[in-house]
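First the structure, in the form of structure tokens, and then the observations on it.
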Amino acid sequence: EAYIGAIDAANDKLNAYVATTPDQARDMARASDAKLAKGEAGLLEGIPLGVKDLFATKGVHTQAASHILDGFKPEYESTVTANLWRDGAVMLGKLNMDEFAMGSSNETSYYGSVINPFRAEGSNANLVPGGSSGGSASAVAAWLCAGATATDTGGSIRQPAAFTGTVGIKPTYGRCSRWGTVAFASSLDQAGPIARTVEDAALMLQSMSGFDAKDSTSVDLAVPDFAAAVERGVKGLTIGVPREYRMDGMPAEIEALWNQGLEWLKAEGATVKDISLPHTKYALPAYYIVAPAEASSNLARYDGVKYGLRVSGKDITDLYELTRAAGFGREVKRRIMIGTYVLSAGYFDAYYVKAQKVRTLIKKDFEDAFNAGVDAVLTPATPSAAFAIGDEALAADPVAMYLNDVFTVTVNMAGLPGIAVPAGKDGKGLPLGLQLIGKPFDEETLFAAARVIE
Ligand code: GLN
Numbered sequence: 028e029a030y031i032g033a034i035d036a037a038n039d040k041l042n043a044y045v046a047t048t049p050d051q052a053r054d055m056a057r058a059s060d061a062k063l064a065k066g067e068a069g070l071l072e073g074i075p076l077g078v079k080d081l082f083a084t085k086g087v088h089t090q091a092a093s094h095i096l097d098g099f100k101p102e103y104e105s106t107v108t109a110n111l112w113r114d115g116a117v118m119l120g121k122l123n124m125d126e127f128a129m130g131s132s133n134e135t136s137y138y139g140s141v142i143n144p145f146r147a148e149g150s151n152a153n154l155v156p157g158g159s160s161g162g163s164a165s166a167v168a169a170w171l172c173a174g175a176t177a178t179d180t181g182g183s184i185r186q187p188a189a190f191t192g193t194v195g196i197k198p199t200y201g202r203c204s205r206w207g208t209v210a211f212a213s214s215l216d217q218a219g220p221i222a223r224t225v226e227d228a229a230l231m232l233q234s235m236s237g238f239d240a241k242d243s244t245s246v247d248l249a250v251p252d253f254a255a256a257v258e259r260g261v262k263g264l265t266i267g268v269p270r271e272y273r274m275d276g277m278p279a280e281i282e283a284l285w286n287q288g289l290e291w292l293k294a295e296g297a298t299v300k301d302i303s304l305p306h307t308k309y310a311l312p313a314y315y316i317v318a319p320a321e322a323s324s325n326l327a328r329y330d331g332v333k334y335g336l337r338v339s340g341k342d343i344t345d346l347y348e349l350t351r352a353a354g355f356g357r358e359v360k361r362r363i364m365i366g367t368y369v370l371s372a373g374y375f376d377a378y379y380v381k382a383q384k385v386r387t388l389i390k391k392d393f394e395d396a397f398n399a400g401v402d403a404v405l406t407p408a409t410p411s412a413a414f415a416i417g418d419e420a421l422a423a424d425p426v427a428m429y430l431n432d433v434f435t436v437t438v439n440m441a442g443l444p445g446i447a448v449p450a451g452k453d454g455k456g457l458p459l460g461l462q463l464i465g466k467p468f469d470e471e472t473l474f475a476a477a478r479v480i481e
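Residue numbers (UniProt numbering): 28 to 481.
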């Protein structure tokens, strides 16, 4: 009831939820009470969570914040949310996001911008919560849920977590099932939690993870006890510091925060080692070929026939064109055009195949560092703190907006786990985050190291 009340009081302003499910929440909470009374509590019994609008929730609004999925209510539940409900969690509603998870500011949503609960000291300007999981981050930061599901294709869990002072982890590719999650770029997409503490994130990820035969890329590995790893400490660990992430023009306060994070880890017994990840500078351009290519293919299914919006015309071709013209927003159309271009016969080898080769090199950079004894890599999570909604320079220059992902996309390209953890504030009191990157399927080390920083 406290969370339902908080949503009613604050959501008009923050625009974090696109649909609420108070009746369902009360039913689920009553069922949890009954289980608790019998001493049968699940891992997340009675914990009220928000769900990113990208996850299919049976009978409940699921539109990936797009007009083209108008009125879509799936007949099935995503594996990740089904796992959470199995463990007793309670659904409060569906959370706003960038349309089809394409964006870094939550400004591409059909439902409008989400507002970051933080403001710069002495300013009334509304700031973005980051994206694409902006609704998840804003709702967690503003106490409109105890935790939220999110997804990360190029940074969409970690960047919004950094902008809102929350913890967000993208697990290793294959750790969480993608079944029932609306696809953006299938070889990069992973679900994960946004939560207020490292421990909360560990508990949520434990529930969300696990093998699922319905996703061919789901990995058949036992889920470790993530919560038990949180207090394990960092004694004896080697933390890599990649020199390529010291970008020109990086704000001094982000550089200082990064050094501070290293000091905290050293004070707890970790060793710091300078490393090189030489292909870092190619990650962003290669990502913006691979991700739109996969997106253009995945989005072909929205044809006005099978789901959501239908705009009829004189024939079937007209129906496809009119539906897609009306249903997709500008950023989604941009991605479809880039994607179909790089996949077209004359350009496939020059762009798409080349980007896949670069991807292999990026993955190998990390493998070399891990083989040389590095246990985890520490970097800033974002190149800046949260920026203003409607920033004209960013709106006019999509590449400047894409630069938000410069520290996060490498992790998706390499399939590795990455966590963003709040580490401090900028000069105006806005949250700043650090990122830890781990070995494949070693989320436990990330939780332990993030706990030292938080
Ligand atoms: N901001 C990146 C993009 O727009 C990443 C999005 C994501 O991780 N879903 O593609």
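Even glycine gets a Cβ: it sits at the ideal position worked out from N, Cα and C.
In DSSP terms, what residue i is bridged to
{"i": "Thr409", "result": "In DSSP, Thr409 forms no bridge with anything."}
{"i": "Gln217", "result": "Asp179"}
{"i": "Ile302", "result": "Pro269"}
{"i": "Leu154", "result": "Ala415"}
{"i": "Ile464", "result": "Val404 and Gly445"}
{"i": "Ile196", "result": "Ile446"}
{"i": "Lys79", "result": "Leu122"}
{"i": "Tyr44", "result": "Leu122"}
{"i": "Gly174", "result": "Leu76 and Ala222"}
{"i": "Thr108", "result": "According to DSSP, Thr108 bridges with nothing at all."}
{"i": "Gly451", "result": "Leu459"}
{"i": "Val117", "result": "Pro75"}
{"i": "Thr135", "result": "Per DSSP, none; premise fails for Thr135."}
{"i": "Val87", "result": "Thr84"}
{"i": "Thr437", "result": "Partner(s): none; Thr437 has no beta bridge."}
Beta-carbon proximity check, residue i vs residue j, cutoff 9 Å
{"i": "Ala166", "j": "Tyr314", "result": "no"}
{"i": "Val401", "j": "Thr265", "result": "yes"}
{"i": "His88", "j": "Lys79", "result": "no"}
{"i": "Ile74", "j": "Ala52", "result": "no"}
{"i": "Thr108", "j": "Asp239", "result": "no"}
{"i": "Met118", "j": "Thr48", "result": "yes"}
{"i": "Arg351", "j": "Asp330", "result": "yes"}
{"i": "Glu470", "j": "Pro278", "result": "no"}
{"i": "Leu71", "j": "Leu111", "result": "yes"}
{"i": "Ser434", "j": "Tyr200", "result": "Note on residue identity: the sequence assigns Phe, not Ser, to residue 434. Against a cut-off of 9 Å, the Cβ pair of Tyr200 and Phe434 comes out as no contact."}
{"i": "Leu171", "j": "Ile389", "result": "no"}
{"i": "Leu336", "j": "Tyr429", "result": "no"}
{"i": "Asp114", "j": "Gly69", "result": "yes"}
{"i": "Ile184", "j": "Phe355", "result": "no"}
{"i": "Ser163", "j": "Pro198", "result": "no"}
{"i": "Phe468", "j": "Arg202", "result": "yes"}
{"i": "Asn153", "j": "Ile416", "result": "yes"}
Original post:
Is the region 362-372 touching the region 295-305 in the sense that three or more CB pairs, one from each, lie closer than 8 Å?
Top reply: no
Original post:
Looking at C-beta atoms only, is the number of pairs between the region 215-232 and the region 173-184 that lie closer than 8 Å three or more?
Top reply: yes
Subject >> Segment contact, 8 Å Cβ cut-off, at least three pairs: the region 382-398 with the region 238-246 >> reply: no
Subject >> Segment contact, 8 Å Cβ cut-off, at least three pairs: the region 453-472 with the region 414-428 >> reply: no
Original post:
Which residue spans inside the region 307-357 form an unbroken beta strand (DSSP E) run of at least 3?
Top reply: none
Original post:
Is the region 221-231 close to the region 194-207, with three or more CB pairs under 8 Å?
Top reply: yes
Original post:
How about the region 392-407 and the region 252-268: do they share at least three Cβ pairs that are nearer than 8 Å?
Top reply: yes
**OP:** May I ask you to verify whether the region 151-159 touches the region 132-143, counting CB pairs closer than 8 Å and requiring at least 3?
**Re:** yes
**OP:** Tell me, please, whether the region 182-189 touches the region 407-418 by the rule of three or more beta-carbon pairs shorter than 8 Å.
**Re:** yes
Original post:
Looking at C-beta atoms only, is the number of pairs between the region 321-337 and the region 279-296 that lie closer than 8 Å three or more?
Top reply: no
**OP:** Return the chain-ordered ranges of every alpha helix (DSSP H) run that is complete within the region 246-294 and spans a minimum of 4 residues.
**Re:** 253-256 and 279-294
**OP:** Enumerate, from N- to C-terminal direction, the unbroken alpha helix (DSSP H) stretches of 4 or more residues contained entirely within the region 46-71.
**Re:** 49-64
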